[in-house]
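If you're matching positions, the sequence shown starts at 2 in this note's numbering and goes up one per residue. Take a look at the structure below.
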Amino acid sequence: MSQTEVLIIGAGPTGLTLALWLHKQGVAVRIIDYAEAPSKNSRAVAVHARVLELYHQIDLADDLNGFGYPLLASNIWIDGKHYATVPLSDFGKKLTPYPYMLMLSQEDHEKILENRLRSLGICVERCTKLKHYVEHGSKITATLVRETYGSEIICDASWIVGCDGARSIVRHEIGADFEGETYEPLFYIADIEAGSGDCYNPGFNGEAHIRMLGEKYNVILPFCNGKRIRLIGTMVPESYQQTVDLSTPNPQLKFEDVEPEIRAVTGIEIKKLHCFSTYRCHHRIADKFRKGRAFIAGDAAHIHSPVGGQGMNTGIMDAVNLAWKLAAIERRTFALDVIGATDQGFTMLTSKGFWPYLVRQWLLPYGVPIVTKLEYVKHQIFRRGSQLICTYRGSHVSQAASGWGAVQPGDRLPWANLDSGDNFSSLRHIAWQLHVYGYPPADLEKWCILNDVLLTVIDWDPHHGKVGLKKHAVYLLRPDQYIAGIFEGPSVNSMLNDYFSSRELTY
Ligand SMILES: Cc1cc2nc3c(=O)[nH]c(=O)nc-3n(C[C@H](O)[C@H](O)[C@H](O)COP(=O)(O)OP(=O)(O)OC[C@H]3O[C@@H](n4cnc5c(N)ncnc54)[C@H](O)[C@@H]3O)c2cc1C
């Protein structure tokens, strides 16, 4: 029998991030996974700005940047003709220290997280499977099975978190429904190296390429320092019905079945195939993220279509949120929003009919190059794609909205970068803290010393106003960098006391 505070099931990106954040906050964790090692299957390759901002909190962003490949531009092709190059770095400029999409294989990403965890003295217990758990009183008791010996281990914990992927046992045990559906189109995914003569091929120039060809669509994403490319494409039944029945749930397609089409659509000479698989996408969300002492997070709680590469990123943000024990209901609202947006995008790209046709043939080739020249549009696209837009307005831990302007309680603290430094430096401290831009109220420092809460006072600059911050206001920040409340006036100290006592929170 062993004991821990939090038992984490699954060492994918969600479980590993959760373990890192909990450990950083002094919570004892145990993390198990039935796999021997991180999966080599091709899965996520895109890490978004919001996740890098959060990794900065635990000094991990530089490690990822060191291994990853920043994607700076994307091209749009319709029926073989090049229509636009969209410079991604322009989109997020001034919004974040990480104005790009970082390309890094999920396997390498997981290895970086696991190595960091190991360096902190926590080893993922591999070849170990959750069989079931029971909850009684103030703890849960889980039965784990060591696959190699078939031996059973009993583990007591205060909490159990299922980061155990789409087929989650924990989700099953909490009795959550997994509502949603499976998309009709069959996708292929291939990681390849191109022949040397093809380095001049526009599909292999270190940028992303989105190609629409009739109803088919195909994406080329460079990674591995631009030396490899990930090809993702839809397969239409007409091309393959001679050899393979695509209507079955898992059609057995081989790379040879799609290779001629890949060559025809992309013009790429394939030198080496690293991996190939076909899959059908789903979009589903659990009807609850928690029951008693059990939570679910990541793919166990929601799965997405691949448009926008949001699944892993959303799971990592679930983990950071859960790590300071917020009610999971807050994350369900955001996950629903992401699923809604990616579902619309996916359906537009892959369906038949007038509107999808209009988007593919007119909006993408002619509209996108024009509207993406507008600063406002670029920022809005980046904010959504990179999850900077995530907000917890209206959550019970967010103070009610008031006349604060664009930035309200529940929002991410906006990034304000000045020549003298930025306002994210103090955020490495994973705890409640206060920011004031201008002069703090007279007794605030005393309150902070008394309650051991970090206070950062930054000289007011007009740029702070431009990003939505208010002069002399007191920003109460949650441990995950979101604004819990904004206070002003002579009685800020009692407002802070009220905020914590009315929500039964401690700092
Ligand atoms: C082809 C493809 C491309 C994708 N591209 C992107 C992208 O570009 N960007 C993006 O953000 N997302 C992308 N995704 C989604 C992304 O891969 C997932 O969202 C992500 O893996 C979810 O992480 P997770 O940790 O929640 O779950 P998983 O990665 O599924 O990890 C779950 C872990 O739990 C373990 N486990 C399961 N059951 C048990 C048990 N009973 N006991 C012990 N261990 C257990 C498993 O072995 C596994 O290691 C893509 C997915 C696919 C399939």
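In this text, a Cβ means the ideal position worked out from N, Cα and C, and glycines have one as well. Please read all numbers here as calculations on a predicted model, not as lab measurements.
- When DSSP states are grouped into helix, strand and coil, residue 273 belongs to the strand group.
- With fewer than 16 neighbouring CB atoms inside 10 Å of its own CB, residue 168 falls in the exposed class.
- Check the Cα spacing between residue 183 and each of 368, 435, 306, 80: the tightest is with 306.
- Spanning the alpha carbons of residue 424 and residue 346 requires a straight line of approximately 34 Å.
- CA-to-CA, the gap between residue 17 and residue 52 works out to about 14 Å.
- Checking the 7 Å criterion, the Cβ of residue 213 is out of range of every heavy atom belonging to ligand 1.
- Its chain contains 194 as the residues whose beta carbon lies nearer than 8 Å to that of residue 228, once the 5 sequence neighbours on both sides are disregarded; these appear in chain order.
- Nearest to residue 152 by C-alpha distance, out of 165, 131, 162, is 131.
- Taking a 10 Å sphere around the C-beta of residue 503, we find fewer than 16 other C-beta atoms and assign the residue as exposed.
- Ligand 1 never approaches residue 258 closely enough for any of its heavy atoms to be under 7 Å from the residue's Cβ.
- Under a 10 Å Cβ-count criterion, residue 450 is classified as exposed, with fewer than 16 other Cβ atoms of the shown protein chains found around its own Cβ.
- In this structure, residue 383 sits away from residue 282, with a CB-CB distance that is not shorter than 8 Å.
- Scanning its chain for C-beta atoms nearer than 6 Å, with the 5 sequence neighbours on each side dropped, one finds around residue 440 the residues 473, in chain order.
- With a cutoff of 8 Å on beta-carbon distance, residue 301 and residue 164 are scored as near each other.
- About 6 Å separates the beta carbons of residue 101 and residue 72, which is inside the 8 Å limit, making them a contact pair.
- Secondary structure note for residue 75: its beta strand (DSSP E) is the uninterrupted segment 74 to 79.
- Across the set 318, 369, 304, 86, the C-alpha of 318 shows the shortest separation from the C-alpha of residue 392.
- Taking all protein chains in view, the Cβ of residue 7 is crowded by 16 or more other Cβ atoms within 10 Å, so the residue is classified as buried.
- Sorting 461, 191, 126, 122 by C-alpha distance to the C-alpha of residue 35 places 126 at the top.
- As computed with DSSP, residue 464 is found in no beta bridge at all.
- Under DSSP, the beta-bridge partners assigned to residue 129 are 147.
- Of the residues 139, 175, 173, 174, the one whose Cα lies closest to the Cα of residue 158 is 139.
- Around the beta-carbon of residue 88, fewer than 16 other beta-carbon atoms lie within 10 Å, marking it exposed.
- Excluding five sequence positions before and after residue 498, none of the CB atoms of its chain fall closer than 7 Å to its own CB.
- Taking C-alpha positions only, residue 9 is separated from residue 74 by approximately 37 Å.
- A distance below 6 Å between beta-carbons, with the five flanking residues on each side excluded, links residue 470 to the following residues of its chain, in chain order: 438.
- Pairwise C-beta distances place the segment 372 to 388 in contact with the segment 77 to 97, as three or more of them are shorter than 8 Å.
- DSSP, read as helix, strand or coil, puts residue 97 in coil.
- Segment contact: the segment 112 to 120 against the segment 393 to 401, fewer than three CB-CB distances shorter than 8 Å; contact not assigned.
- Classified as exposed, residue 26 has fewer than 16 neighbouring CB atoms from the shown chains inside 10 Å of its CB.
- Counting only residues of its own chain and dropping the five nearest sequence neighbours on each side, residue 295 has a CB closer than 8 Å to the CB of 134, 136, 141, 160, 161, 162, 163, 171, 174, 175.
- Note on geometry: alpha-carbon atoms of residue 379 and residue 373 lie some 6 Å from one another.
- C-alpha of residue 123 to C-alpha of residue 33: approximately 11 Å in a straight line.
- Residue 268 and residue 366 have their C-alpha atoms spaced approximately 20 Å apart.
- By DSSP's assignment, residue 160 forms a beta bridge with 7.
- For residue 353, same chain residues with a beta-carbon under 7 Å away, outside a window of 5 residues either side, are 216 in chain order.
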